[in-house]
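Mind the numbering: the sequence shown is residues 86 to 363 in the working numbering, read in order. Even for Gly, the Cβ is constructed at its ideal location relative to N, Cα and C. Notes to accompany the following structure.
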Amino acid sequence: MKAELSYLGEAIVKKKYEIARVVHEERLEGVREEDLRELKKVENEIINIRANFIELFGEALKNRPEKDGGVDKFSKWGKETGAAFCAQGVPLNEALQDASYYRRSIWKVIKEEVMEHHMSLDIVFEVGGIIDPLLDHAVHSFSLAYVDSYSETFNNTRRSFLELSVPVVPLTDTIAILPLVGDIDTERAKLLMEEALAKSKELGINNLIIDISGVMIVDTMVANELLKIINALRLLGVETIFTGIRPEIAQTIVSLGLDLRELTFMKSLKVALSKLQK
(Lines of atoms letter the chains of each structure in order from A; the text may use other names.)
(Lines give C-alpha, C1' and ligand atoms only; values in the text may rest on other atoms or scores of the structure.)
Protein backbone atom coordinates (compact mmCIF):
# COMPACT_ATOMS: atom_id res chain seq x y z
CA MET A 86 0.00 0.00 0.00
CA LYS A 87 2.88 2.36 0.79
CA ALA A 88 4.26 1.92 -2.73
CA GLU A 89 0.86 2.63 -4.28
CA LEU A 90 0.39 5.76 -2.18
CA SER A 91 3.84 6.93 -3.21
CA TYR A 92 3.00 6.27 -6.87
CA LEU A 93 -0.23 8.28 -6.66
CA GLY A 94 1.62 11.08 -4.90
CA GLU A 95 4.24 11.16 -7.63
CA ALA A 96 1.49 11.23 -10.28
CA ILE A 97 -0.04 14.32 -8.65
CA VAL A 98 3.37 16.00 -8.46
CA LYS A 99 4.06 15.28 -12.13
CA LYS A 100 0.65 16.56 -13.21
CA LYS A 101 0.54 19.56 -10.86
CA TYR A 102 0.62 22.12 -13.68
CA GLU A 103 -2.00 20.23 -15.64
CA ILE A 104 -4.26 20.15 -12.58
CA ALA A 105 -3.46 23.81 -11.83
CA ARG A 106 -4.55 24.88 -15.30
CA VAL A 107 -7.82 22.93 -15.00
CA VAL A 108 -8.53 24.59 -11.63
CA HIS A 109 -7.61 27.98 -13.07
CA GLU A 110 -9.86 27.59 -16.11
CA GLU A 111 -12.81 26.46 -13.99
CA ARG A 112 -12.22 29.35 -11.64
CA LEU A 113 -12.37 31.86 -14.50
CA GLU A 114 -15.71 30.69 -15.85
CA GLY A 115 -18.17 33.56 -15.69
CA VAL A 116 -15.50 36.19 -14.97
CA ARG A 117 -16.07 39.49 -16.77
CA GLU A 118 -14.02 40.24 -19.86
CA GLU A 119 -12.29 43.27 -18.32
CA ASP A 120 -11.32 41.23 -15.26
CA LEU A 121 -9.98 38.46 -17.49
CA ARG A 122 -7.67 40.91 -19.21
CA GLU A 123 -6.23 41.94 -15.86
CA LEU A 124 -5.84 38.34 -14.71
CA LYS A 125 -4.01 37.46 -17.91
CA LYS A 126 -1.17 39.73 -16.77
CA VAL A 127 -0.51 37.53 -13.72
CA GLU A 128 -1.81 34.22 -15.05
CA ASN A 129 1.54 32.43 -14.95
CA GLU A 130 2.12 33.55 -11.37
CA ILE A 131 -1.32 32.33 -10.34
CA ILE A 132 -0.83 28.94 -12.01
CA ASN A 133 2.55 28.56 -10.28
CA ILE A 134 0.91 29.28 -6.92
CA ARG A 135 -1.82 26.72 -7.65
CA ALA A 136 0.71 24.13 -8.82
CA ASN A 137 2.81 24.55 -5.67
CA PHE A 138 -0.30 24.02 -3.55
CA ILE A 139 -1.26 20.89 -5.51
CA GLU A 140 2.28 19.56 -5.08
CA LEU A 141 1.76 19.58 -1.32
CA PHE A 142 -0.92 16.90 -1.72
CA GLY A 143 1.39 14.75 -3.82
CA GLU A 144 4.16 15.06 -1.27
CA ALA A 145 1.71 14.21 1.50
CA LEU A 146 0.81 10.93 -0.22
CA LYS A 147 4.46 10.12 -0.81
CA ASN A 148 5.68 10.93 2.70
CA ARG A 149 2.49 10.83 4.80
CA PRO A 150 1.65 14.08 6.72
CA GLU A 151 2.79 12.84 10.12
CA LYS A 152 6.25 11.98 8.77
CA ASP A 153 6.95 15.09 6.73
CA GLY A 154 5.30 17.91 8.61
CA GLY A 155 2.58 17.97 5.96
CA VAL A 156 -0.04 19.51 8.24
CA ASP A 157 2.31 22.36 9.11
CA LYS A 158 2.90 23.03 5.42
CA PHE A 159 -0.84 23.28 4.79
CA SER A 160 -1.24 25.55 7.81
CA LYS A 161 1.51 27.81 6.49
CA TRP A 162 -0.07 27.87 3.04
CA GLY A 163 -3.47 28.75 4.53
CA LYS A 164 -2.08 31.58 6.66
CA GLU A 165 0.00 33.14 3.90
CA THR A 166 -2.61 32.77 1.15
CA GLY A 167 -5.53 33.89 3.32
CA ALA A 168 -3.75 37.11 4.27
CA ALA A 169 -2.70 37.70 0.65
CA PHE A 170 -6.21 37.22 -0.72
CA CYS A 171 -7.60 39.62 1.88
CA ALA A 172 -4.96 42.21 0.97
CA GLN A 173 -5.90 41.87 -2.70
CA GLY A 174 -9.57 42.46 -1.88
CA VAL A 175 -10.80 39.04 -3.03
CA PRO A 176 -14.15 38.30 -1.30
CA LEU A 177 -13.92 35.36 1.11
CA ASN A 178 -16.86 33.49 -0.42
CA GLU A 179 -15.21 33.64 -3.84
CA ALA A 180 -11.83 32.55 -2.53
CA LEU A 181 -13.34 29.54 -0.76
CA GLN A 182 -14.85 28.31 -4.03
CA ASP A 183 -11.34 27.24 -5.04
CA ALA A 184 -11.49 24.38 -2.53
CA SER A 185 -14.11 22.50 -4.53
CA TYR A 186 -12.12 22.98 -7.76
CA TYR A 187 -8.95 21.63 -6.15
CA ARG A 188 -10.77 18.67 -4.62
CA ARG A 189 -12.53 17.72 -7.86
CA SER A 190 -9.43 18.08 -10.06
CA ILE A 191 -7.07 16.20 -7.75
CA TRP A 192 -9.54 13.36 -7.30
CA LYS A 193 -10.02 13.12 -11.06
CA VAL A 194 -6.32 12.36 -11.49
CA ILE A 195 -6.37 9.90 -8.59
CA LYS A 196 -9.38 8.12 -10.06
CA GLU A 197 -7.72 7.82 -13.47
CA GLU A 198 -4.55 6.37 -11.95
CA VAL A 199 -6.42 3.96 -9.66
CA MET A 200 -8.51 2.61 -12.52
CA GLU A 201 -5.60 2.37 -14.95
CA HIS A 202 -3.48 0.38 -12.50
CA HIS A 203 -6.37 -1.61 -10.97
CA MET A 204 -5.68 -0.46 -7.44
CA SER A 205 -7.84 -1.68 -4.56
CA LEU A 206 -10.69 0.16 -2.86
CA ASP A 207 -8.56 0.23 0.30
CA ILE A 208 -6.12 2.54 -1.50
CA VAL A 209 -8.96 4.92 -2.41
CA PHE A 210 -10.08 5.09 1.23
CA GLU A 211 -6.48 5.56 2.39
CA VAL A 212 -5.95 8.41 -0.07
CA GLY A 213 -9.22 10.02 1.00
CA GLY A 214 -8.11 9.83 4.62
CA ILE A 215 -5.06 11.90 3.72
CA ILE A 216 -6.14 14.28 0.95
CA ASP A 217 -9.53 15.43 2.23
CA PRO A 218 -8.51 16.26 5.84
CA LEU A 219 -5.47 18.19 4.56
CA LEU A 220 -7.59 20.23 2.16
CA ASP A 221 -10.13 20.93 4.93
CA HIS A 222 -7.27 21.96 7.22
CA ALA A 223 -5.87 24.28 4.55
CA VAL A 224 -9.30 25.87 4.04
CA HIS A 225 -9.71 26.32 7.81
CA SER A 226 -6.29 27.97 8.14
CA PHE A 227 -7.03 30.11 5.08
CA SER A 228 -10.35 31.29 6.54
CA LEU A 229 -8.85 32.14 9.93
CA ALA A 230 -5.99 34.08 8.33
CA TYR A 231 -8.37 35.93 6.04
CA VAL A 232 -10.68 36.93 8.89
CA ASP A 233 -7.75 37.95 11.11
CA SER A 234 -6.27 40.06 8.31
CA TYR A 235 -9.65 41.62 7.58
CA SER A 236 -10.21 42.41 11.27
CA GLU A 237 -6.76 43.98 11.56
CA THR A 238 -7.37 46.10 8.45
CA PHE A 239 -10.80 47.12 9.72
CA ASN A 240 -9.48 48.03 13.17
CA ASN A 241 -6.59 50.03 11.69
CA THR A 242 -9.00 51.88 9.43
CA ARG A 243 -11.36 52.52 12.31
CA ARG A 244 -8.48 53.74 14.46
CA SER A 245 -7.35 56.11 11.70
CA PHE A 246 -10.89 57.39 11.31
CA LEU A 247 -11.24 57.94 15.03
CA GLU A 248 -7.95 59.81 15.16
CA LEU A 249 -9.16 62.10 12.40
CA SER A 250 -12.37 62.67 14.37
CA VAL A 251 -10.41 63.97 17.39
CA PRO A 252 -8.64 67.05 16.01
CA VAL A 253 -7.04 69.37 18.57
CA VAL A 254 -6.59 72.58 16.57
CA PRO A 255 -4.38 75.41 17.91
CA LEU A 256 -5.99 78.87 17.69
CA THR A 257 -3.23 80.85 19.41
CA ASP A 258 -0.01 79.98 21.18
CA THR A 259 -1.93 79.21 24.37
CA ILE A 260 -5.44 78.29 23.16
CA ALA A 261 -6.68 75.30 21.17
CA ILE A 262 -10.09 73.90 20.24
CA LEU A 263 -11.37 70.33 20.18
CA PRO A 264 -14.55 70.16 18.07
CA LEU A 265 -16.56 66.98 18.69
CA VAL A 266 -18.96 65.57 16.11
CA GLY A 267 -21.14 62.45 16.28
CA ASP A 268 -21.59 59.81 18.96
CA ILE A 269 -19.03 59.14 21.66
CA ASP A 270 -18.63 55.49 22.61
CA THR A 271 -16.16 53.94 25.05
CA GLU A 272 -13.42 53.51 22.44
CA ARG A 273 -13.71 57.04 21.14
CA ALA A 274 -13.84 58.43 24.69
CA LYS A 275 -10.55 56.67 25.45
CA LEU A 276 -9.01 58.12 22.31
CA LEU A 277 -10.33 61.57 23.23
CA MET A 278 -8.49 61.34 26.53
CA GLU A 279 -5.25 60.22 24.87
CA GLU A 280 -5.31 62.81 22.10
CA ALA A 281 -6.43 65.69 24.29
CA LEU A 282 -3.63 65.08 26.79
CA ALA A 283 -0.93 64.38 24.20
CA LYS A 284 -1.79 67.35 21.97
CA SER A 285 -2.23 69.77 24.86
CA LYS A 286 1.22 68.87 26.17
CA GLU A 287 2.73 69.00 22.68
CA LEU A 288 1.25 72.42 21.89
CA GLY A 289 1.97 73.82 25.35
CA ILE A 290 -1.49 75.39 25.65
CA ASN A 291 -3.14 76.79 28.75
CA ASN A 292 -6.75 76.56 27.60
CA LEU A 293 -8.68 73.97 25.57
CA ILE A 294 -12.11 74.80 24.19
CA ILE A 295 -14.25 71.69 23.72
CA ASP A 296 -17.08 72.42 21.30
CA ILE A 297 -19.87 69.82 21.55
CA SER A 298 -22.35 71.39 19.15
CA GLY A 299 -21.95 68.33 16.89
CA VAL A 300 -22.59 65.76 19.62
CA MET A 301 -26.07 64.32 19.24
CA ILE A 302 -26.41 62.47 22.54
CA VAL A 303 -24.93 63.12 25.98
CA ASP A 304 -25.64 60.34 28.44
CA THR A 305 -24.06 59.41 31.76
CA MET A 306 -21.14 57.61 30.10
CA VAL A 307 -20.35 60.54 27.80
CA ALA A 308 -20.65 63.05 30.60
CA ASN A 309 -18.40 61.03 32.92
CA GLU A 310 -15.76 60.60 30.22
CA LEU A 311 -15.76 64.34 29.53
CA LEU A 312 -15.30 64.99 33.24
CA LYS A 313 -12.34 62.59 33.31
CA ILE A 314 -10.75 64.47 30.41
CA ILE A 315 -11.24 67.81 32.18
CA ASN A 316 -9.68 66.53 35.42
CA ALA A 317 -6.73 65.00 33.57
CA LEU A 318 -6.14 68.23 31.63
CA ARG A 319 -6.29 70.22 34.84
CA LEU A 320 -3.43 68.14 36.22
CA LEU A 321 -1.41 69.34 33.20
CA GLY A 322 -2.32 72.94 33.96
CA VAL A 323 -4.83 73.17 31.10
CA GLU A 324 -8.22 74.75 31.80
CA THR A 325 -11.23 73.63 29.77
CA ILE A 326 -14.21 75.56 28.42
CA PHE A 327 -17.31 73.96 26.87
CA THR A 328 -19.10 75.68 24.01
CA GLY A 329 -21.89 74.84 21.59
CA ILE A 330 -24.27 73.28 24.10
CA ARG A 331 -27.77 73.04 22.63
CA PRO A 332 -30.85 73.45 24.84
CA GLU A 333 -31.78 69.75 24.76
CA ILE A 334 -28.22 68.76 25.69
CA ALA A 335 -28.28 71.26 28.55
CA GLN A 336 -31.48 69.67 29.87
CA THR A 337 -29.93 66.21 29.67
CA ILE A 338 -26.81 67.30 31.54
CA VAL A 339 -28.88 68.88 34.31
CA SER A 340 -31.12 65.81 34.58
CA LEU A 341 -28.06 63.60 35.11
CA GLY A 342 -27.40 65.40 38.37
CA LEU A 343 -23.74 66.09 37.63
CA ASP A 344 -21.68 68.49 39.72
CA LEU A 345 -21.20 71.39 37.32
CA ARG A 346 -19.61 73.84 39.73
CA GLU A 347 -16.07 73.34 38.45
CA LEU A 348 -17.06 73.37 34.76
CA THR A 349 -17.00 76.44 32.52
CA PHE A 350 -19.66 76.82 29.83
CA MET A 351 -19.83 79.60 27.25
CA LYS A 352 -22.36 80.40 24.55
CA SER A 353 -20.07 80.16 21.54
CA LEU A 354 -16.50 79.84 20.37
CA LYS A 355 -16.42 83.57 19.67
CA VAL A 356 -17.41 84.38 23.25
CA ALA A 357 -14.87 81.93 24.65
CA LEU A 358 -12.04 83.41 22.57
CA SER A 359 -12.95 86.95 23.55
CA LYS A 360 -12.96 85.96 27.21
CA LEU A 361 -9.61 84.16 27.04
CA GLN A 362 -7.84 86.88 25.03
CA LYS A 363 -8.72 89.72 27.40
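Alpha carbon to alpha carbon, how far is residue i from residue j?
i	j	result
V194	N133	18 Å
L318	K161	48 Å
D183	M86	30 Å
E89	K99	15 Å
E237	H225	18 Å
T271	K363	37 Å
E128	V253	49 Å
F142	K286	59 Å
S353	N292	15 Å
In three-state terms, what does DSSP make of residue i?
i	result
I269	coil
T325	strand
L113	coil
N291	coil
G174	coil
D258	coil
G299	strand
P218	helix
Compare the C-alpha of residue i against each of the options and name the closest.
i	options	result
I191	I338, I314, L93 and S160	L93
L288	L321, D304, K313 and I302	L321
L146	A230, F210, E114 and E165	F210
Q336	D304, L361, E310 and L358	D304
V232	G163, E279, L276 and V199	G163
Starting from residue i, follow its DSSP beta bridges and name the residues at the other end.
i	result
M351	T328
P63	This structure cannot settle anything about residue 63, because the visible part of the chain is limited to 86 through 363.
Practice task
Report yes or no: do three or more beta-carbon pairs, one from the region 310-328 and one from the region 217-224, lie closer than 8 Å?
Solution key: no
Exercise for the section: Please determine if the region 97-116 and the region 165-173 are in contact, where contact requires at least 3 C-beta pairs separated by less than 8 Å. Expected result: no
Handout entry: the region 253-270 touching the region 200-208, judged by at least three CB pairs closer than 8 Å
Key = Verdict: no, contact absent.
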